[in-house]
Amino acid sequence: MTGKDRVRSPGEGSPSPPGRGPTNRKQPLSGGRAGDQNAGWVIVSYLVTGMVIYGGLGWLIGHWIDAVTAVTLIGLLVGLALAVALVIFRYGRS
Amino acid sequence: MYELAPHLLAASSGVTGSLGAVAYGLAAIGPGVGIGLIFGHAMEAMARQPEAAGMIRQNMWVGFALAEALALIGLVVPFVFGK
Amino acid sequence: MSEAQVTAVASGCHLFSGCGFPAPSLENFQFKPIFSIGGFHFTKPMLLALICAGIVVAFFWAAFARPKLVPRGVQNVGEMGVMFIRDQILRPTMGKRGDRFLPFLVSLFFFIWFMNLMEVIPLAQFPATSRIAFPWSLVAIVWVTFMYLGMRIQGPVGFFVNLVPSGVPWWILPLLAPIVLVSDIVVQTFTLGVRLFANMFAGSLLIGVFIAATWYLASLSVGAIFAAGSFVMVILLTAFELLIQFLQAFIFTILTATYIARSLEPSH
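Residue numbers (my numbering), protein chains in the order written: chain H, 43 to 136; chain S, 2 to 84; chain D, 18 to 285.
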């Protein structure tokens with residue numbers, strides 16, 4: 043039995059064919075989920091956007107009701123919670 | 002009384018400047034350590050058991066989002082509470 | 018440099034000669050125009066950007082004007098550059114169908130990298146990308162590209178619908194949809210430009226601080242050891258900046274490729 047015929051355990055991938063190295067490496071295509079290469083940047087962007095949108099909304103409402111600090115803070119926290127929920131939906135399920 | 006805090010600090014030791022900057026610096030310690038732990042342990046787990054890498058990576062991103070949330074709150078609070 | 022700084026340095030402003038530390042600041046990033054036409058001022062960053070564009074065009078023209086099957090000389094180096102972009106940036110994000118974007122990505126990467134490199138080249142010593150207009154112009158090109166592509170391939174409404182992740186309960190969807198839309202369309206493009214700008218700005222400011230400190234601390238006594246330490250920092254930071262310049266160009270290009278890939282094929 044040659045080397046490439048041996049039984050493989052489930053953890054191993056298939057052998058890559060000989061040739062140019064980098065094109066064979068199994069990289070996730072963009073649009074994947076947890077294997078995404080720039081998931082970190084996307085997550086930070088979601089968190090910041092959530093805080094900005096709902097914090098801004100909170101600031102507007104607080105400006106109306108004349109309780110700017112408290113309502114802005116609530117808006118920021120709500121925005122953060124929603125953004126974390128979004129991250130869980132997008133990256134935490136399979 | 003809380004608005005006296007910067008002046009108390011300045012009066013006692015001659016330190017002047019923005020208290021918000023100090024606040025963010027202190028607030029960034031915790032999430033920094035936390036994120037380092039998350040990614041470090043995730044890498045170790047993925048090295049020990051490569052076939053579980055997908056599941057580990059999913060949980061890693063969730064944990065990272067939660068730790069980063071605290072850092073971002075720390076960034077924003079000086080602006081919300083500052084004068 | 019501002020007038021006050023030039024005077025300070027030229028007059029031998031050192032630690033104990035009674036002048037403050039001439040720290041580099043935002044003034045160092047504003048240049049007197051080389052020439053002006055009416056209200057349009059032509060400054061050094063513009064000159065550097067034009068030179069970099071010329072270098073990129075000249076280099077790839079020289080490499081691929083008369084391509085041979087077995088590459089020689091400049092074509093070798095040009096091929097190394099193109100293969101690097103194709104194998105490290107294009108193929109992992111877009112696969113084979115993205116090959117038509119290779120010229121765009123190659124130009125983008127090398128233009129940004131050469132503009133960043135101007136920070137360490139003598140006589141220039143200013144990264145054109147540390148003026149925010151240059152990164153943001155490139156980001157505008159990228160933004161128009163991926164918005165137009167997305168709306169053409171997925172339909173004007175379908176593009177936005179596909180951005181929102183599936184599997185979200187219907188009652189929370191209207192709260193999360195604005196976050197996703199604003200994040201993917203506005204915030205990510207904004208941070209794309211600001212990341213490049215901030216890295217280059219901070220890096221050149223940091224090197225400037227230590228260079229000014231080397232001169233400021235220089236003295237003929239034992240204090241020269243501080244100046245020597247500052248000079249060592251300059252060398253270390255320059256090496257670090259070389260890495261950061263390449264890395265920031267790489268990150269800009271790979272995120273551009275990711276956004277274009279997201280327009281070509283919706284992420285579920």
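Here a beta-carbon is modelled for each residue, glycine too, at the ideal position from N, C-alpha and C. On a predicted model such as this, the values are computed, not experimentally measured, just so you know.
Near residue i, what residues of its chain come up, given a Cβ to Cβ distance below 6 angstroms and the 5 sequence neighbours on each side ignored?
i, result
"Phe38(D)", "Tyr233"
"Ala230(D)", "Ser247"
"Pro88(D)", "Glu96"
"Gln205(D)", "none"
"Leu71(H)", "With a pLDDT of 37 at Leu71(H), under the threshold of 50, the predicted position of this residue should be treated as unreliable, and no value is reported."
"Gly115(D)", "Leu107"
"Phe48(D)", "Thr60 and Lys61"
"Ile103(H)", "Val113"
"Gly117(H)", "Tyr96, Gly97, Leu99 and Gly100"
"Thr65(H)", "With a pLDDT of 43 at Thr65(H), under the threshold of 50, the modelled position of that residue is not reliable, and the figure given next carries that caveat. There are no such residues."
"Gly167(D)", "Phe176 and Ser280"
"Ala43(S)", "Ile57 and Met61"
Pull up the DSSP beta-bridge partners for residue i, would you.
i, result
"Ser53(D)", "His58(D)"
I want to check one thing, is the minimum distance from the CB of residue i to the heavy atoms of the ligand PLP below 7 angstroms?
i, result
"Ile107(H)", "This structure does not include the ligand PLP; it has no bound ligands of any sort."
Looking only at its chain, what residues have a beta carbon closer than 7 angstroms to the beta carbon of residue i, apart from the 5 residues adjacent to it on each side?
i, result
"Val94(D)", "Ala80"
"Ala180(D)", "Contrary to the premise, residue 180(D) reads as Leu rather than Ala in this sequence. Result list for Leu180(D): Val197, Leu198 and Asp201, in chain order."
"Leu223(D)", "Leu254"
"Gln69(H)", "Residue placement at Gln69(H) is poorly supported in this model, since its pLDDT is 38, which falls under 50; the coordinates still yield a value, given next. Cβ within range, chain order: n/a, list empty."
"Ile170(D)", "Ser280 and Leu281"
"Met250(D)", "Phe227"
"Ala81(H)", "Tyr133"
"Arg135(H)", "none"
Looking only at C-alpha atoms, which of the options sits nearest to residue i?
i, options, result
"Trp160(D)", "Trp130(D), Ala241(D), Arg279(D) and Pro50(D)", "Arg279(D)"
"Gly41(S)", "Phe65(S), Val77(S) and Glu4(S)", "Phe65(S)"
"Phe214(D)", "Met132(D), Leu107(D) and Phe76(D)", "Met132(D)"
"Ile68(D)", "Phe127(D), Asp104(D), Lys49(D) and Phe48(D)", "Phe127(D)"
"Met217(D)", "Ala266(D), Phe177(D) and Cys30(D)", "Ala266(D)"
"Gln79(H)", "Thr146(D), Pro109(D) and Ile149(D)", "Pro109(D)"
"Gly37(S)", "Met61(S), Val77(S), Gly83(S) and Ala24(S)", "Met61(S)"
"Thr146(D)", "Met164(D), Trp187(D), Arg103(D) and Ala70(D)", "Ala70(D)"
"Leu134(D)", "Ala82(D), Ser221(D), Trp78(D) and Val91(D)", "Ser221(D)"
"Val94(H)", "Glu4(S), Pro51(S), Gly33(S) and Val81(S)", "Val81(S)"
"Ala125(H)", "Val249(D), Pro191(D) and Ala274(D)", "Pro191(D)"
"Tyr133(H)", "Val185(D), Ala235(D), Ile252(D) and Ile277(D)", "Val185(D)"
"Ile72(D)", "Ile129(D), Phe143(D), Arg212(D) and Ser34(D)", "Ile129(D)"
"Ser34(D)", "His58(D), Ser236(D), Ala219(D) and Gly56(D)", "Ser236(D)"
"Val91(D)", "Leu32(D), Gln262(D), Phe76(D) and Leu64(D)", "Phe76(D)"
"Phe17(D)", "Leu125(D), Cys30(D) and Lys113(D)", "As displayed, chain D neither begins before 18 nor continues past 285, which places residue 17(D) out of reach and without an answer."
"Ser87(H)", "Thr208(D), Phe257(D), Val178(D) and Thr275(D)", "Thr208(D)"
"Val129(H)", "Gln59(S), Gln50(S) and Gly55(S)", "Gln59(S)"
"Leu65(D)", "Pro139(D), Val251(D) and Ile242(D)", "Pro139(D)"
"Phe295(D)", "Ile252(D), Ile149(D) and Cys30(D)", "Because chain D here runs from 18 to 285, residue 295(D) falls outside it and cannot be looked at."
"Phe263(D)", "Val203(D), Ile189(D), Pro144(D) and Trp188(D)", "Pro144(D)"
"Ala274(D)", "Ile242(D), Ile102(D), Pro84(D) and Trp187(D)", "Ile102(D)"
"Gln142(D)", "Tyr276(D), Ile271(D), Leu259(D) and Ile277(D)", "Leu259(D)"
"Ala219(D)", "Pro182(D), Phe243(D), Ile261(D) and Ala241(D)", "Ile261(D)"
"Gly225(D)", "Arg83(D), His31(D) and Glu136(D)", "Glu136(D)"
"Leu272(D)", "Ala241(D), Gln105(D) and Gly56(D)", "Gln105(D)"
"Val203(D)", "Leu32(D), Met164(D), Glu44(D) and Val74(D)", "Met164(D)"
Excluding the 5 residues flanking residue i on each side, which residues of the same chain have their C-beta closer than 8 angstroms to its C-beta?
i, result
"Ala103(S)", "With chain S running from 2 to 84 in the structure shown, residue 103(S) is simply not present."
"Gly73(H)", "The pLDDT assigned to Gly73(H) is 42, lower than 50, so where the model puts this residue is not dependable; a value taken from the coordinates is nonetheless given after this. Closer than 8 angstroms at Cβ, skipping near neighbours: no residue."
"Gly63(H)", "The predicted position of Gly63(H) is uncertain, since its pLDDT is 42 and thus under 50; a value taken from the coordinates is nonetheless stated next. No residues qualify anywhere along the chain."
"Ile39(S)", "Met61, Gly64, Phe65 and Ala68"
"Leu89(H)", "Leu122, Ala125, Val126 and Val129"
Residue i touches chain A at which residues, Cβ-Cβ below 7 angstroms?
i, result
"Ile196(D)", "In the structure shown, chain A cannot be found, because the protein chains are H, S and D."
Is the stretch 96 to 115 of chain D touching the stretch 143 to 158 of chain D, taking contact as three or more C-beta pairs under 8 angstroms? no
Ordered list of alpha helix (DSSP H) runs contained in the stretch 237 to 278 of chain D, each at least 4 residues: none
Report yes or no: do three or more beta-carbon pairs, one from the stretch 41 to 52 of chain D and one from the stretch 60 to 77 of chain S, lie closer than 8 angstroms? no
Three or more C-beta pairs under 8 angstroms: does that hold for the stretch 183 to 196 of chain D against the stretch 116 to 125 of chain D? no
Is it a yes or a no for the stretch 121 to 128 of chain H touching the stretch 160 to 177 of chain D, going by three-plus beta-carbon pairs under 8 angstroms? no
Would you say the stretch 19 to 31 of chain S touches the stretch 70 to 79 of chain S, given that touching needs at least three Cβ pairs under 8 angstroms? yes
Report the residue ranges of all beta strand (DSSP E) runs contained in full by the stretch 81 to 105 of chain D; include only those spanning at least 3 residues, in chain order. none
Whole alpha helix (DSSP H) elements within the stretch 140 to 178 of chain D, 4-residue minimum: 150 to 171
What residue ranges within the stretch 67 to 121 of chain H form continuous alpha helix (DSSP H) runs of no fewer than 4 residues, ordered along the chain? 81 to 107
Identify every run of the alpha helix (DSSP H) within the stretch 41 to 76 of chain S, keeping only runs that are complete inside it and at least 4 residues long; order them along the chain. none
Contained alpha helix (DSSP H) runs [length at least 4] in the stretch 175 to 200 of chain D, N- to C-terminal order: 190 to 199
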